[in-house]
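J.: Encoded as structure tokens, here's the structure I'll be asking about.
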Amino acid sequence: MDLKAIEPGSPDYPLLDSINREAFPAWERVETPQLFDLARQPGAELLGLYEEDRLIGFMMLLKNQHCGYLLFFAVSGELRARGYGTAALKALFRRYEGLPIALDFEPVDEAAENNAQRIRRKAFYLRSGFHETGLYTRTCGRGFELVCHGPDPERPTLTALLEQIHIVFTDFSPRLYDTP
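Just so we're aligned: the sequence shown equals residues 1 to 180 in this note's numbering.
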């Protein structure tokens with residue numbers, strides 16, 4: 001698994017756009033041109049997940065010298081549950097060895113229509129080396145559980161990364177909370 005920066009003029013742009021549209025529900029998705037807008041911010045990277053030079057997914061990582069925040073992570077639908085997500089996260093951890101990396105996802109909720117998916121997603125991240133932080137984010141009127149790989153970053157550091165998102169996406173601005 002190789003992680004490579006993707007540029008706006010990349011021949012893989014159409015495939016990246018297709019993966020983005022398929023992986024995220026409309027309320028949560030950021031359109032592909034906006035991903036490139038965010039990638040131009042200091043500390044932001046739009047990374048393609050490549051298997052034998054074939055784009056199979058992508059990650060959007062925001063980072064500073066203290067931590068990283070995996071804002072988007074998607075593997076092409078037909079390749080999910082085949083180990084590519086695990087391989088991509090391992091490649092990310094090697095690339096940023098020693099840098100704590102946080103991410104968030106919909107929390108387990110028995111009342112949620114997609115609770116089985118939420119349970120699988122959380123189990124995947126915990127198996128992949130993330131741990132619960134006891135923190136949550138809220139954006140678009142919804143709560144998300146925050147997990148971290150490596151030591152927990154300090155709250156002001158995470159807040160600074162989240163504020164960086166707001167610079168580009170004024171209507172998509174996660175905030176940290178102690179409760180869901």
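Note that the Cβ used here is the ideal one computed from N, Cα and C, for glycine as well.
1. Measuring alpha carbon to alpha carbon, tell me which residue in Gly57, Arg82, Trp27 is nearest Thr139.
2. Go ahead and label Pro153 buried or exposed: buried means 16 or more other beta carbons lie within 10 angstroms of its beta carbon, across all protein chains shown.
3. So, for Lys4: in the same chain, excluding its five sequence neighbours on each side, which residues have a beta-carbon less than 8 Å away from its beta-carbon?
4. Quick one, are the C-beta atoms of Phe105 and Phe72 less than 8 Å apart?
5. Please determine, among Ser10, Arg80, Thr137, Ala88, the residue with the shortest C-alpha to C-alpha distance to Arg120.
6. In whole angstroms, what is the alpha-carbon distance linking Glu38 and Leu62?
7. Please report the straight-line C-alpha distance between Tyr136 and Arg175, rounded to a whole angstrom.
8. Ordered along the chain, which non-local residues of its own chain (more than five positions away) have a Cβ less than 8 Å from that of Arg118?
9. Since Leu35 and Met1 are thought to touch, with beta carbons under 8 Å apart, how far apart are those beta carbons, to the nearest angstrom?
10. Is the Cβ-Cβ distance between Ala123 and Ala74 less than 8 Å?
11. Check Asp12 in the structure and name its three-state DSSP category.
12. Could you name the residues of the same chain whose beta carbon sits closer than 8 Å to that of Thr133, not counting the 5 residues immediately before and after it, in chain order?
13. Within 10 angstroms of the Cβ of Ala88, are there 16 or more other Cβ atoms? Answer buried if so, exposed if not.
14. Over what stretch of residues does the beta strand (DSSP E) that includes Leu71 continue unbroken?
15. What beta strand (DSSP E) runs, 3 residues minimum, are completely inside the region 38–119?
16. Pick helix, strand or coil for Asp17, following the three-state DSSP scheme.
17. Helix, strand or coil for Phe36, going by three-state DSSP, please let me know.
18. Need the endpoints of the beta strand (DSSP E) that Gly134 sits in, please.
T.: Put simply:
1. The residue labelled residue 139 in the question sits at position 139 within the sequence shown. The candidate whose alpha carbon is nearest that of Thr139 is Trp27.
2. Residue mapping note: residue 153 aligns to position 153 of the sequence shown, counting from 1. Result: buried.
3. Indexing the sequence shown from 1 puts residue 4 at position 4. So the list reads Leu47, Gly48, Tyr50, once near-sequence residues are dropped.
4. Stepping through the sequence shown from its first residue, residue 105 is reached at position 105. Stepping through the sequence shown from its first residue, residue 72 is reached at position 72. Result no, Cβ atoms of Phe105 and Phe72 do not sit closer than 8 Å.
5. Taking the first residue of the sequence shown as position 1, residue 120 is located at position 120. Closest by alpha carbon: Arg80.
6. For this step, residue 38 is matched to residue 38 along the sequence shown. For this step, residue 62 is matched to residue 62 along the sequence shown. For the sequence presented, residue 38 should be read as Leu rather than Glu. Spanning the two alpha carbons is a distance of roughly 9 Å.
7. Here residue 136 corresponds to residue number 136 of the sequence shown, with the count starting at 1. Here residue 175 corresponds to residue number 175 of the sequence shown, with the count starting at 1. About 8 Å.
8. For the purposes of this step, residue 118 is taken as the residue at position 118 of the sequence shown. Contacts found: Phe105, Glu106, Pro107, Val108, Asp109, Ala112.
9. Stepping through the sequence shown from its first residue, residue 35 is reached at position 35. Stepping through the sequence shown from its first residue, residue 1 is reached at position 1. Leu35 to Met1, Cβ: 20 Å. No contact.
10. Counted from its first residue, the sequence shown places residue 123 at position 123. Counted from its first residue, the sequence shown places residue 74 at position 74. No; because the gap between Cβ atoms is not below 8 Å, this pair is not in contact.
11. Along the sequence shown, one-based indexing puts residue 12 at 12. In the structure shown, Asp12 sits in coil (DSSP, three-state: anything other than H, G, I, E or B).
12. Working through the sequence shown from its first residue, we reach residue 133 at position 133. Result list for Thr133: Ala102, Leu146, Val147, Cys148, Asp152, in chain order.
13. If you number the sequence shown from 1, residue 88 lands on position 88. Answer is buried; the Cβ neighbour count reaches 16.
14. As a working note, residue 71 is residue 71 in the sequence shown. Unbroken beta strand (DSSP E) run through Leu71: 68–75.
15. 44–51, 54–63, 68–75, 101–105
16. Position 17 of the sequence shown holds residue 17. Correct three-state label for Asp17: helix.
17. Counting from one through the sequence shown, the residue named residue 36 turns up at place 36. Helix at Phe36.
18. On the sequence shown, residue 134 is found 134 positions in, with the first residue counted as 1. From DSSP, the beta strand (DSSP E) with Gly134 extends over 130–139.
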